[in-house]
Amino acid sequence: MGLQLNYDSGIFNLPGNEYLNLGYETSNYSNKANDLLTLKWKYQSPYRQSDKRSIWDFDLGYGIGSQGSGFLASVATFFIPGLSLRLRYDGVSLTSDSASYRIELGSVANFSPKISPGDK
7 MGLQLNYDSG IFNLPGNEYL NLGYETSNYS NKANDLLTLK WKYQSPYRQS DKRSIWDFDL
67 GYGIGSQGSG FLASVATFFI PGLSLRLRYD GVSLTSDSAS YRIELGSVAN FSPKISPGDK
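In this text, residue positions in the sequence shown follow our numbering: the first is 7, and each later residue adds one.
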């Protein structure tokens with residue numbers, strides 16, 4: 007049995023479409039505790055799709071944790087509506103000090119209902 011906690015917060019909204027994010031993850035599985043503190047700079051494309059998602063975003067950061075420290079980077083595109091593609095590099099993670107590269111493909115859905123005062 008284990009416990010995992012994730013926290014991610016935008017600590018500064020920089021000019022334009024830039025953000026500075028601070029993240030913290032901790033887990034305790036099989037009596038082994040791990041933690042990871044990250045600081046990332048994120049840039050989002052000013053070009054948007056009809057559902058207000060940016061067409062692409064980029065982030066670059068650094069992580070320090072119980073498994074070591076390392077650079078973090080990713081670039082993602084949402085160019086095709088309903089589909090996301092992310093290329094990711096993690097120099098450190100919550101459970102490993104080994105660098106990893108990933109290609110992530112996912113579906114994106116907007117579940118926010120559009121309700122106006124005149125709707126019944």
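We treat Cβ as the ideally placed atom computed from N, Cα and C, and that holds for glycine.
Just reading off the beta strand (DSSP E) that residue i is part of, what are its end residues?
i	result
S33	E24 to Y35
G76	G74 to T83
I86	Here I86 belongs to no beta strand (DSSP E), and DSSP marks it neither H nor E.
K58	Per DSSP, K58 belongs to no beta strand (DSSP E) and is neither H nor E.
D41	K38 to Q50
With distance defined between alpha-carbon atoms, name the residue in the options nearest to residue i.
i	options	result
G22	Q73, L111 and S51	S51
Y68	I61, A105 and E110	A105
I127	E24, Q73, L111 and L66	Summary: the structure shown does not reach residue 127, with the chain confined to residues 7 through 126, and so no result is reported for it.
Y95	S36, W47 and L78	L78
F64	Q55, G97, W47 and G88	W47
N34	L100, I109, S113 and R108	L100
K58	K38, G88 and L66	G88
L26	L66, R54, Q55 and Y53	L66
Is the Cβ-Cβ distance between residue i and residue j less than 9 Å?
i	j	result
N138	G76	The question about residue 138 has no answer here: the residues shown for the chain are numbered 7 through 126.
I61	T32	no
G29	L20	no
Q73	S36	no
For residue i, write down the residues that DSSP places opposite it in a beta bridge.
i	result
L4	In the structure as shown, the chain begins at 7 and stops at 126. Residue 4 is therefore absent and cannot be evaluated.
L100	According to DSSP, L100 bridges with nothing at all.
Y68	L45 and F77
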